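Asker: Heads up: the protein sequence lines correspond to chains A and B, in order.
Its first residue numbered 1, the first sequence is counted upward by one per residue in our numbering.
Its first residue numbered 1001, the second sequence is counted upward by one per residue in our numbering.
Every residue gets a Cβ at the ideal spot worked out from N, C-alpha and C, and that includes glycine.
Small disclaimer: the values here were computed from a predicted structure and weren't measured.
The structure that follows is given in the form of structure tokens.
There are 2 protein chains.
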Amino acid sequence: MHPVGKGLMAKLPAEGTQARRFGKTRSAQSTALHEDYVELIADLLEGEGEARPTDIARRLGVSHATAIKSIARLKRAGLATARPYRGVFLTEKGRALAERVRLRHRLVVDVLRALGVSSEAAEADAEGIEHYVSEHTLKAFAQFLKSRA
Amino acid sequence: MHPVGKGLMAKLPAEGTQARRFGKTRSAQSTALHEDYVELIADLLEGEGEARPTDIARRLGVSHATAIKSIARLKRAGLATARPYRGVFLTEKGRALAERVRLRHRLVVDVLRALGVSSEAAEADAEGIEHYVSEHTLKAFAQFLKSRA
DNA sequence: TTCATATTGTAGCCAAAACTACATTTTGAC
DNA sequence: GTCAAAATGTAGTTTTGGCTACAATATGAA
């Protein structure tokens, strides 16, 4: 994927605490969109049997042109396949990503709800939050949920 | 706060569950950068007495040219002031935003730590997560922390 | 005071993600 | 089988956020 960041985290000054608090966010942005699309496509394929650009666009709240362009990027990234007028499908890599994203999404929602956030807000916020939860934090979330089950 | 979202959630198809799970994320992206910059500038002003573009760039891990462009956007947004070769300052609005961002950041970090996430991971993840935590969720976080104090 | 160096600023390029407007293809009703 | 409507695709524009390369300004040592 190597979105943009090449020598980003390379020579950080390491002066004090807030030196490395930033940086990762930037290259993660593009990943977030991929994840949203892949997650939705997986949902559509399961629920409707097919994932058409118009449905994707409607669900994401963007124009169909935007959706089609993003799907092209997904293809370039090796996450999806799509032939003109034939709908969108996920590659093996895409399916794996979708599965990971889905698990993570559920975990984040569950944690938020456990903390007293309403279902609606939990769903809404998780959509943004989930893209920034590291593996480490994810594990902590799982353990927390298990401990209070 | 009303970050950007105007008519986004307006005419959603409301078909089933995952209809409104997306959308907000998109327009929130630009806000996140503003928040990062304002937060950092406030830190620098407090800690160093001044916020120079080069320091900002280094801390954010971007080139100084990028930082300067972003500072220009901050100015356009009424969050900062800056005169050539004179450093960057925050407007009243900018300071208010910085304060809100800082509070929220601390709250997110504290919650993550309370859930068993290490300090380092909590700091790192919070940097991404914080931009997507709604007021509602923020309140729940505060209450959760209070309840287990 | 001069001048090298560091800082700051400007210009120009690129890719992503959004849009509108227009063109093409499919599909379903007839 | 035709043809209108819906779906899909394409083109061109904008803003953001990133970069490199180059120009201009400050600053500090000598």
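Out of curiosity, what's the CA-to-CA distance linking Val88/A and Ala1042/B?
Answerer: Start at 1 with the first residue of the first sequence, and residue 88/A comes out as number 88. Start at 1 with the first residue of the second sequence, and residue 1042/B comes out as number 42. Approximately 46 Å, taken between the alpha carbons.
Asker: Does the pairing of the region 103-113 of chain A with the region 130-147 of chain A give three or more beta-carbon distances under 8 Å?
Answerer: Flag = yes, the region 103-113 of chain A and the region 130-147 of chain A touch.
Asker: Could you round the C-beta distance between Val1038/B and Leu1079/B to whole angstroms and report it? I think they count as a contact, below 8 Å.
Answerer: One-based indexing of the second sequence puts residue 1038/B at position 38. One-based indexing of the second sequence puts residue 1079/B at position 79. Yes, they are in contact, since the Cβ atoms of Val1038/B and Leu1079/B sit about 6 Å apart, within 8 Å.
Asker: With a cut-off of 9 Å, does the C-beta of Glu99/A fall near any C-beta of chain B?
Answerer: Numbered from its first residue, the first sequence carries residue 99/A at position 99. No, Glu99/A lies away from the interface with chain B (no Cβ there is under 9 Å from its Cβ).
Asker: Can you tell me whether Leu74/A is buried or exposed? The criterion is at least 16 other CB atoms within 10 Å of its CB, across all chains shown.
Answerer: The count along the first sequence starts at 1 and reaches residue 74/A at position 74. Counting Cβ neighbours within 10 Å, Leu74/A comes out buried, since at least 16 surround it.
Asker: Once you ignore the five residues that flank His1064/B on each side, which residues in its own chain have a CB closer than 6 Å to its CB?
Answerer: Translated into the one-based positions of the second sequence, residue 1064/B becomes position 64. Contacts found: Pro1053, Thr1054, Ala1057.
Asker: To the nearest angstrom, how far is the alpha carbon of Pro84/A from that of Ser1119/B?
Answerer: Counting from one through the first sequence, the residue named residue 84/A turns up at place 84. Counting from one through the second sequence, the residue named residue 1119/B turns up at place 119. Taking the straight line joining both Cα atoms gives about 49 Å.
Asker: By how many angstroms is the C-alpha of Glu1035/B removed from the C-alpha of Ala1098/B?
Answerer: Here residue 1098/B refers to the residue found at position 98 when the second sequence is read from its first residue. Here residue 1035/B refers to the residue found at position 35 when the second sequence is read from its first residue. Distance between the alpha carbons of Ala1098/B and Glu1035/B is about 7 Å.
Asker: Mind pulling the chain A residues with CB within less than 7 Å of Tyr1085/B?
Answerer: As a working mapping, residue 1085/B is identified with position 85 in the second sequence. The contacting residues do not exist; Tyr1085/B stays about 22 Å from chain A at best.
Asker: Restricting to runs no shorter than 4 residues, where is the alpha helix (DSSP H) found entirely within the region 67-122 of chain A?
Answerer: With a minimum length of 4 residues, the continuous alpha helix (DSSP H) runs that stay inside the region 67-122 of chain A are 92-114.
Asker: What does Leu1079/B touch in chain A if you count any residue whose Cβ is under 8 Å from its own?
Answerer: Indexing the second sequence from 1 puts residue 1079/B at position 79. Within chain A, no residue comes near Leu1079/B; the closest Cβ sits about 17 Å away, beyond 8 Å.
Asker: Below 8 Å between beta carbons is the criterion; list the residues of the region 1034-1053 of chain B that meet it against any residue of chain A, in chain order.
Answerer: So the close ones are Asp1036, Leu1040, Asp1043.
Asker: Beta-carbon of Leu1112/B versus every beta-carbon of chain A: anything under 9 Å?
Answerer: As a first step, residue 1112/B must be located in the second sequence, where it is residue number 112. Yes, Leu1112/B lies at the interface with chain A (some Cβ there is under 9 Å from its Cβ).
Asker: Buried or exposed: Gly49/A, going by 16 or more other Cβ atoms within 10 Å of its Cβ?
Answerer: As a first step, residue 49/A must be located in the first sequence, where it is residue number 49. So Gly49/A ends up on the exposed side.
Asker: Express the C-alpha separation of Leu115/A and Phe1144/B in angstroms, rounding to a whole number.
Answerer: Position 144 of the second sequence, counted from the start, is the residue given in the question as residue 1144/B. Position 115 of the first sequence, counted from the start, is the residue given in the question as residue 115/A. Spanning the two alpha carbons is a distance of roughly 6 Å.
Asker: May I ask you to list, following chain order, the residues of the region 1118-1144 of chain B that have a beta carbon less than 8 Å from some beta carbon of chain A?
Answerer: So the list reads Ser1118, Ala1121, Ala1122, Glu1123, Ala1124, Asp1125, Glu1127, Gly1128, Ile1129, His1131, Tyr1132, Val1133, Ser1134, His1136, Thr1137, Ala1140, Phe1141, Gln1143, Phe1144, given in the order they occur along the chain.
Asker: Can you confirm whether Gly1116/B, when its beta carbon is compared against all beta carbons of chain A, has any partner nearer than 9 Å?
Answerer: Stepping through the second sequence from its first residue, residue 1116/B is reached at position 116. Cβ-Cβ to chain A under 9 Å: yes for Gly1116/B.
Asker: Would you report the Cα separation of Ser70/A and Lys1093/B, rounded to the nearest angstrom?
Answerer: Counting from 1 along the first sequence, the entry for residue 70/A is found at position 70. Counting from 1 along the second sequence, the entry for residue 1093/B is found at position 93. The alpha-carbon atoms of Ser70/A and Lys1093/B are separated by roughly 35 Å.
Asker: Ala1057/B lies in the alpha helix (DSSP H); which residues open and close that run?
Answerer: Locating residue 1057/B in the second sequence gives position 57, counting from the first residue. Note, Ala1057/B: alpha helix (DSSP H), 1053-1060.
Asker: Is Ala1051/B near Leu1060/B, with beta carbons less than 9 Å apart?
Answerer: Translated into the one-based positions of the second sequence, residue 1051/B becomes position 51. Translated into the one-based positions of the second sequence, residue 1060/B becomes position 60. No, they are not a contact pair.
Asker: Please classify Ala1126/B as buried or exposed, where buried requires at least 16 neighbouring CB atoms within 10 angstroms.
Answerer: Walking along the second sequence from the start, residue 1126/B turns up at place 126. With 16 or more other Cβ atoms within 10 Å, it is buried.
Asker: Using CA atoms only, rank isn't needed, just tell me which of Ser1147/B, Val1117/B, Arg1148/B is closest to Val133/A.
Answerer: For the purposes of this step, residue 133/A is taken as the residue at position 133 of the first sequence. Nearest of Ser1147/B, Val1117/B, Arg1148/B to Val133/A, Cα basis: Val1117/B.
Asker: Roughly how many angstroms lie between the CA atoms of Lys11/A and Leu40/A, to the nearest whole one?
Answerer: Counting from 1 along the first sequence, the entry for residue 11/A is found at position 11. Counting from 1 along the first sequence, the entry for residue 40/A is found at position 40. Caution is warranted here: a pLDDT of 29 is assigned to Lys11/A, below 50, making its placement in the model unreliable, and the coordinate value is therefore given only provisionally. If you take the alpha carbons of Lys11/A and Leu40/A, they lie about 38 Å apart.
Asker: Quick check on this structure: which residue in Leu44/A, Glu130/A, Ile129/A, Arg86/A has the alpha carbon closest to the alpha carbon of Arg95/A?
Answerer: On the first sequence, residue 95/A is found 95 positions in, with the first residue counted as 1. When only C-alpha atoms are compared, the closest one is Leu44/A.
Asker: Within the same chain, show all residues whose beta-carbon is closer than 8 Å to that of Arg1148/B, passing over the 5 residues directly before and after it, in chain order.
Answerer: Position 148 of the second sequence, counting from 1, holds the residue named residue 1148/B. Correct list, in chain order: Ala1114.
Asker: How is Ala149/A classed by DSSP in three states: helix, strand or coil?
Answerer: Locating residue 149/A in the first sequence gives position 149, counting from the first residue. Correct three-state label for Ala149/A: coil.
Asker: Using C-beta distances below 8 Å, list every residue in its chain close to Gln18/A, excluding the 5 sequence neighbours before and after it, in chain order.
Answerer: Locating residue 18/A in the first sequence gives position 18, counting from the first residue. Low confidence applies to Gln18/A: its pLDDT is 34, below 50, so where it sits in the model is not reliable, and the reading given next is rough at best. Nothing meets the Cβ criterion.
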